[in-house]
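Visitor: Going line by line, the protein sequences match chains A and B.
Count along the first sequence from 1, then add 781; that gives the number in this note's numbering.
Count along the second sequence from 1, then add 781; that gives the number in this note's numbering.
Virtual Cβ for every residue (Gly too), placed ideally from N, Cα, C.
Number of protein chains: 2
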Amino acid sequence: MTDDYAPHRSDELPPDSVGIVEPRTQHFSDSLTLACGRSLDEYDIVYETYGELNAAKSNAILICHALSGHHHAAGYHSADDKKPGWWEVCIGPGKPIDTNHFFVLSINNLGGCHGSTGPASINPATGKPWGPDFPALRCRDWVASQRRMMALFGIEQWAAVIGGSLGGMQAMRWALEHPDEVRHCIVIASAMRLTAQNIAFNEIARQAITSDPEFHGGRYLEHETIPKSGLALARMVGHVTYLSEDGMGEKFGREIKSGNFQIGQDDKVEFQVESYLRYQGDVFSRSFDANTYLLMTKALDYFDLAREYNDDPVEAFQHAKCGFLVMSFTSDWRFAPSRSREIVDALVAARKPVCYAEIEANFGHDAFLLPIERYLKTFSAYMLRVKEEVNRAL
Amino acid sequence: MTDDYAPHRSDELPPDSVGIVEPRTQHFSDSLTLACGRSLDEYDIVYETYGELNAAKSNAILICHALSGHHHAAGYHSADDKKPGWWEVCIGPGKPIDTNHFFVLSINNLGGCHGSTGPASINPATGKPWGPDFPALRCRDWVASQRRMMALFGIEQWAAVIGGSLGGMQAMRWALEHPDEVRHCIVIASAMRLTAQNIAFNEIARQAITSDPEFHGGRYLEHETIPKSGLALARMVGHVTYLSEDGMGEKFGREIKSGNFQIGQDDKVEFQVESYLRYQGDVFSRSFDANTYLLMTKALDYFDLAREYNDDPVEAFQHAKCGFLVMSFTSDWRFAPSRSREIVDALVAARKPVCYAEIEANFGHDAFLLPIERYLKTFSAYMLRVKEEVNRAL
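Spelled out as structure tokens, the structure:
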């Protein structure tokens, strides 16, 4: 996830922002049975909402976040907050997910590390952090916990469930498992399942974390430490692979940060890209929980949309009743356009309504977080249709 | 570098192999001044030769190895040896580099860890391993030390200097710095300089090594340990990025090594690609020196063919007097065909004779080590021309 969104001037918030937002925490004391067979007796979900829920409760949008995402998708937490939520380009008044018309719910997924119950939370059975004992989670578990939030607001059907990357997997799972509760499913830079290469990169990230001596078998919090360098490495792998070669070339080229190429110099030259990566890794390692990273990458690896539908994506999508918008980005090589076209092909074969846009963009997988004109236009046009449907039904 | 070359039957060596070969060590006691300004007072070079040097000494080929390569490029070290040298597909009787006609010299580069003097060798000044005190090396230093080997054999001109990847960088450096001593330069899956993405992957590998607590600032041998998990991680990054997505997909798909996807299982499923990567990382970490890996990746990052020629590759190549064969592989994304085309474009603009072949192949950067039909045919055809030139001059 990029950190490059331009900070606003601290004396005023941008007019197309949802403005100051406040996260809230919802406690659930009904046990939730998980795909792994275990259950959580109680848990918290932290969430934010933007816009107003209409009286018919028909204008609700669910945002599903990706690997390193969280509930804070739009707006600012204070007037001094330097950075807005991670999807500020897409959520706000007049933006694709237009908060003048929609009510947006954005939650931190169960197992996360930004306020919802996860491996860094206290296990009530032991009084210690869950750590590696936190149950394995699947996309369907997130769908189940999101559905409880839905009930809380009295929403019977989402106007749209929207997600990029791992978030797109959750959106598709929603469409298959609760077809009557989803009007539109928007799947951005995602896939029906990971490739071997993608699993391999996730495994490298996990190995980096678990082979850090500070990992302590996942019980690092009990040892009052964190596997900082392992997590930083994991992030660096993610960062390089979520960007495109051209995007990195444009951003860094072979620019030198320090040193020079004079003969007589030992290895003193440092390229910009090296210090940038180390900085990104360092920042991430101090703000993200290592066990959450392991849990999220496993959920990614295990996701296989059609597994329970005879490995047939057409059979799988036959269960859906919603409209689909699928978008991909030309330079995204971890969730390549060919993966999105597989989704579209299966939807077409299942005779489902689908719009597909393959967006020319230079920034790899991270493109879904960036203000790319055709992306935002296409997204807005589709959402306008969703809004008109909502209005017609009123 | 792939480890998949089929082992021979132990009761006989393949007839198209150079057979049993023996590495030799050459000691140099004349000081070698390096690009970094420091010098090595004395050093060893381990090497192998295949085929016979003719009386005119005009049939000599120099092989330059890549990041994790070494002198053992062809043949077997004993009748029981399970695996041949790393370029067995290209070197041998009747193969592209035909040992019935050519004399082949293959050395382990200075700074290596397979017998030539490197960071794991004893520093005569301290009686301890060089470790991080070993001087930084550049491609030109390897060229200089290879040139001393050349003199030893009384060779005045190479019939060809040949290398893949980092080896191709050395071959190009030879062509520019010693134009009268190279008749042909064969550059395979290489580049005039690395992209930011490539530098980033190397930096991740280095961070994995140096952040391993067993690294001890590079003095791990003095601590009687090695940064095993860091080196394994570095290798895993290399392995994934040197393969193509399709190649990995073909080889592993989402095949499961253990566990199953039944509901009620925690994270027990292990994909084939995960255990394969861990195995490869483990093997490598026990056979390669971490400081050598750092040194070699730095030489890769710093290489910039045209830096001293006003950053103009055309001006650079104007110094060359040899013929060029450039080859690339369609699925190689770390040394992509576009990088090879840059070399070819510069050569054409410099009015140098160049043949270029872009080989359709599925195995990423590793393709240059594999028996791909069009690759071997093109390579053989060019080498036939080199042989005919040698014969005509006799």
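Work out the CA separation of Lys863/A and His789/A for me, nearest whole Å.
Guide: Any reading at His789/A needs caution, since the residue's pLDDT is 44, under 50, leaving its predicted position unreliable; the model's value is listed next. Each residue's Cα considered, the two are about 7 angstroms apart.
Visitor: If contact is defined by three or more beta carbon pairs under 8 angstroms, each pair taking one atom from either stretch, is the region 1079 to 1086 of chain B in contact with the region 954 to 973 of chain B?
Guide: Yes: at least three Cβ pairs fall under 8 angstroms.
Visitor: By Cβ distance below 6 angstroms, which residues in the same chain neighbour Lys838/B in space, the five residues on each side in sequence not counted?
Guide: So the qualifying residues of the chain are Gly935 and Ile936.
Visitor: Can you tell me whether DSSP reads Trp868/B as helix, strand or coil?
Guide: Note: Trp868/B maps to coil in three-state DSSP.
Visitor: Name the DSSP beta bridge partners of Glu1139/B, please?
Guide: According to DSSP, Glu1139/B bridges with Ser1109/B.
Visitor: If we count the other Cβ atoms within 10 Å of its Cβ and call it buried at 16 or more, is Gly818/B buried or exposed?
Guide: So Gly818/B counts as exposed.
Visitor: Among the residues of its own chain, which have a CB less than 8 angstroms from the CB of Ser992/B, if the five just before and after it don't count?
Guide: Contacts found: Gly1011.
Visitor: Let me make sure I understand the geometry here. Which of Gly896/A, Ile844/A, Ala816/A and Val963/A has the alpha-carbon closest to that of Arg919/A?
Guide: The shortest Cα separation from Arg919/A among Gly896/A, Ile844/A, Ala816/A and Val963/A belongs to Ala816/A.
Visitor: In chain order, what residues of the region 980 to 1006 of chain A put their CB closer than 7 angstroms to some CB of chain B?
Guide: Per Cβ criterion, the list reads Ile980, Ala981, Phe982, Glu984, Ile985, Gln988, Ala989, Ser992 and Pro994.
Visitor: Helix, strand or coil, according to DSSP, for Glu937/A in the structure here?
Guide: In the structure shown, Glu937/A sits in coil (DSSP, three-state: anything other than H, G, I, E or B).
Visitor: Measuring CB to CB, does Tyr1167/A end up less than 7 angstroms from Ala836/A?
Guide: The amino acid occupying residue 1167/A in the given sequence is Val; Tyr does not appear at that position. No, the pair does not count as a contact, with Cβ atoms beyond the cut-off.
Visitor: Grouping DSSP H, G and I as helix and E and B as strand, with all else coil, what is His895/B?
Guide: His895/B falls in the coil class under three-state DSSP.
Visitor: So if DSSP puts Arg805/B in a beta bridge, which residue, or which two residues, is it bridged to?
Guide: Per DSSP, Tyr828/B.
Visitor: Nearest to Leu1002/A by alpha carbon, out of Met1017/A, Pro1134/A, Thr1073/A and Glu1096/A?
Guide: Answer by Cα proximity: Thr1073/A.
Visitor: So, at 7 angstroms on beta carbons, what are the nonlocal neighbours of Ala787/B in its own chain, with the 5 sequence-adjacent residues on each side left out?
Guide: In this predicted model, Ala787/B has a pLDDT of only 45, less than 50, meaning its place in the structure is not dependable; the value taken from the coordinates is given anyway. Here the set comprises nothing.
Visitor: Can you pull the chain A residues whose beta carbon is under 8 angstroms from the beta carbon of Glu1055/B, in chain order?
Guide: Simply Ile980, Ala981 and Glu984.
Visitor: Going residue by residue through the region 1023 to 1106 of chain B, where are the continuous beta strand (DSSP E) segments of at least 3 residues, counting only ones entirely within it?
Guide: Counting only runs of 3 or more, we get 1037 to 1039.
Visitor: Evaluate the contact criterion for the region 841 to 850 of chain A versus the region 945 to 952 of chain A: three or more CB pairs, one atom per stretch, below 8 angstroms.
Guide: Output reads yes: the region 945 to 952 of chain A touches the region 841 to 850 of chain A.
Visitor: Assuming Val1018/B contacts Ile980/A under a Cβ cut-off of 8 angstroms, what Cβ separation, rounded to an integer in Å, is found between them?
Guide: Contact doesn't hold; Cβ gap of about 14 angstroms is too wide.
Visitor: In chain order, what residues of the same chain have a beta carbon less than 7 angstroms from the beta carbon of Ile1124/B, not counting five sequence neighbours either side?
Guide: Closer than 7 angstroms at the Cβ level, and outside the excluded window around Ile1124/B, lie Val968, Met973 and Val1107.
Visitor: Check whether the Cβ atoms of Ile1140/B and Phe1110/B lie closer than 7 angstroms to each other.
Guide: Closer than 7 angstroms, so yes.
Visitor: In angstroms with no decimal places, state the Cα-to-Cα distance between Tyr1090/A and Leu957/A.
Guide: Those two C-alpha atoms are separated by around 10 angstroms.
Visitor: Assuming Ala977/B is part of the alpha helix (DSSP H), what are its boundary residues?
Guide: Element bounds for Ala977/B: Ala977 to Thr991.
Visitor: Just reading off the alpha helix (DSSP H) that Ile1007/A is part of, what are its end residues?
Guide: Neither: Ile1007/A is in no alpha helix (DSSP H) and is coded neither H nor E.
Visitor: Anyone know if the C-beta pair for Gly873/A and Ala855/A falls short of 7 angstroms?
Guide: Against a cut-off of 7 angstroms, the Cβ pair of Ala855/A and Gly873/A comes out as a contact.
Visitor: At 3 residues or longer, what runs of the beta strand (DSSP E) sit wholly inside the region 944 to 969 of chain B?
Guide: Complete beta strand (DSSP E) runs here, min 3: 965 to 969.
Visitor: So that I know if they touch, is there some Cβ in chain A lying closer than 7 angstroms to that of Thr976/B?
Guide: Closer than 7 angstroms: yes.
Visitor: What is the DSSP secondary structure of Asp767/B, counted as helix, strand or coil?
Guide: Because chain B is modelled from 782 through 1175, residue 767/B falls outside the range shown and cannot be assessed.
Visitor: Taking CB distances under 7 angstroms as the criterion, tell me whether Ser971/A reaches chain B.
Guide: With 7 angstroms as the cut-off, Ser971/A does not count as an interface residue toward chain B.
Visitor: Please report the straight-line C-alpha distance between Ala1174/B and Phe1149/B, rounded to a whole angstrom.
Guide: Using only the alpha carbons, I get a separation of about 31 angstroms.
Visitor: Taking the alpha-carbon of Leu1014/B as reference, which of Ser1039/B, Gly1062/B and Lys1038/B has the nearest alpha-carbon?
Guide: Cα-wise, what sits closest to Leu1014/B is Gly1062/B.
Visitor: Closer than 8 angstroms between beta carbons: that is the criterion. Which residues of the region 949 to 964 of chain B meet it against chain A?
Guide: Result list empty, no residue passes.
Visitor: In angstroms with no decimal places, state the Cα-to-Cα distance between Asp784/A and Ala1071/B.
Guide: Bear in mind that the predicted position of Asp784/A carries a pLDDT of just 42, short of 50, making it unreliable; the figure below should be weighed with that in mind. Near 33 angstroms, if we compare the C-alpha coordinates of Ala1071/B and Asp784/A.
Visitor: Could one say the Cβ of Tyr786/B lies closer than 7 angstroms to chain A's Cβ atoms, at least one of them?
Guide: Confidence in Tyr786/B is poor, its pLDDT being 42 and thus under 50, which makes the residue's placement unreliable; the coordinate value appears in the next sentence. Tyr786/B does not count as touching chain A.
Visitor: Could you work out which residues of chain B lie near Leu891/A, taking near to mean beta carbons separated by less than 8 angstroms?
Guide: Residues of chain B passing the Cβ test: none, with the nearest at roughly 15 angstroms.
Visitor: Measuring CA to CA, which of Ala1101/A, Val1054/A, Ser1025/A and Lys1158/A is closest to Phe1116/A?
Guide: For the residues Ala1101/A, Val1054/A, Ser1025/A and Lys1158/A, the minimum Cα distance to Phe1116/A belongs to Ser1025/A.
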